[in-house]
Amino acid sequence: MIVNDVFSKRQSIATYTIQELSVLIKNGQVTLREVDKLHVRAIKKYIMENVLTEQIYFPPMVANVACIGDDKPLEMTIIDGNQRLKAFCQIEEMGCRTAKSDHEEEMKRGYKLLHFVQNTEVAIQLFEGLSKEEADQLFIDLNTKGKKVALSKRIAFDSRKELNKITNSILRTNRQLKTAGVEIEKRAVVRPTNKKLLSLSHLRQLVAIFLTGKMVYRTVDDRYEAYLEPKEYIQLINCWFSELFKLYPPERMGDLHEAMLASHPLLASIAYYANKGMERGSSEERKQELINRMRSLQKIDWKSTNPIWKSFKGSARGGFYYLANDKENIQKLVKWLEQQGGE
-14 MIVNDVFSKR QSIATYTIQE LSVLIKNGQV TLREVDKLHV RAIKKYIMEN VLTEQIYFPP
46 MVANVACIGD DKPLEMTIID GNQRLKAFCQ IEEMGCRTAK SDHEEEMKRG YKLLHFVQNT
106 EVAIQLFEGL SKEEADQLFI DLNTKGKKVA LSKRIAFDSR KELNKITNSI LRTNRQLKTA
166 GVEIEKRAVV RPTNKKLLSL SHLRQLVAIF LTGKMVYRTV DDRYEAYLEP KEYIQLINCW
226 FSELFKLYPP ERMGDLHEAM LASHPLLASI AYYANKGMER GSSEERKQEL INRMRSLQKI
286 DWKSTNPIWK SFKGSARGGF YYLANDKENI QKLVKWLEQQ GGE
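In the numbering used here, the protein residues as written are -14 to 328.
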């Protein structure tokens, strides 16, 4: 085992057989993060296709341990390599089953898998004493350099950006928003099938409107000047959602059969309308003006059957009207909202 001090944190590299790691996981000595089942399945397929030729390559995994001593640690939290470890455990179970098969080829493959599990060693880069925040940040760094990391992971673990921290707080704590639904598993909300109100990227876009005081269209710019504390932005955004759900019930707002509020261009326009020109105001000033503006919209018929929506740019498909998500159309929507609000 090699030990070195890097950036005030001790590091080490140790090797473990897959069988050793499998036992540690079963005993609860190795903690895994949430895994992607499709990714695990792909890794298993890769192993199965190459186990007979033994042409299998995996990069070192990364883990956090409480202390690095003379012997390799037997307790750790995996930072990078969770999918691989999960796949290894499932491969071991598969080997045990197929080794008992009555079919010779299956039995042969089963014994080969067990040989692979018992005799293959994998390297783990060990970090000593990382805090949860440091471990989360390392997870992000390892998965954004050369690999594409899901937006849900960036929002959950990338603590360097206030935008992500605020979005994550809203996502975790706003009960009405949970009722309305935020799509985390899929990159986009496809109407009318998906009735969740927002995708994760759309929620992040709405949060950015509050932080920047500007209409954010497709790309969220992380460079902005903050005039409030993060907790004040969180309170303000939660207040907006509270007023929004007074316009239409949260459990039905994402259903395009019922409400045009399921259209993100309209939702983004409402967020900008509620914030327009207020980015430099105090928390209390912004909150009061936001409430006034949102309540001035209560007389609008938000149902998707309202013919007013066809006066805005969009397209009709499958019996539904989809508002265009472009700058000109959103500006027109905001102007219309101002007229409805009496401004």
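C-beta atoms are modelled at their ideal positions from N, C-alpha and C, and glycine is treated no differently. Predicted model, so just to flag it, every value in this text is computed and none were measured.
Cβ-Cβ distances below 7 Å link Y212 to E264, R265 in the same chain, with the five nearest sequence neighbours on each side left out; the list follows chain order. A check of alpha carbon separations from L196 across R(-5), P45, S267 identifies S267 as the nearest.
Runs of the beta strand (DSSP E) spanning 3 or more residues and lying entirely within the region 57 to 134 occur at 61 to 65, 106 to 113, in chain order. A buried status is given to H249, since no fewer than 16 other beta-carbon atoms sit within 10 Å of its beta-carbon.
Residues F73, C74, E77, V102 of the same chain have their beta carbon placed closer than 8 Å to that of S7, with the five preceding and five following residues left out of the count. The region 64 to 73 and the region 14 to 31 touch, with no fewer than 3 CB-CB distances between them shorter than 8 Å. The alpha carbon of I293 has as its nearest neighbour, out of M245, Q283, R237, R280, the alpha carbon of M245. By the Cβ neighbour-count rule, E168 is buried, with 16 or more other Cβ atoms within 10 Å of its own. K93 and A84 have their C-alpha atoms roughly 7 Å apart.
In this structure the region 155 to 167 lies against the region 227 to 235, because at least three pairs of beta carbons, one per stretch, are closer than 8 Å. In the three-state reduction of the DSSP assignment, R265 falls in the coil class. Between L191 and L156, the CB-CB gap reaches or exceeds 8 Å. Residue environment analysis places S300 among the exposed positions, since fewer than 16 neighbouring C-beta atoms fall within 10 angstroms of its C-beta.
For N49, same chain residues with a beta-carbon under 7 Å away, outside a window of 5 residues either side, are M61, T62, I64, F112, L115, A120 in chain order.
For A48, the enclosing beta strand (DSSP E) has its first and last residue at 46 to 50. The beta carbons of R278 and G326 sit closer together than 8 Å. Per the C-alpha coordinates, the member of E89, T38, L99 positioned closest to M79 is L99. In the DSSP annotation of this structure, Y42 is not part of any beta strand (DSSP E), being labelled neither H nor E. In this model, Y218 and K150 are separated by some 11 Å (Cα to Cα).
I3 places its beta carbon 8 Å or farther from that of V174. G262 and M200 have their C-alpha atoms roughly 11 Å apart. Contact annotation: A259 and W225 have beta-carbon atoms nearer than 8 Å.
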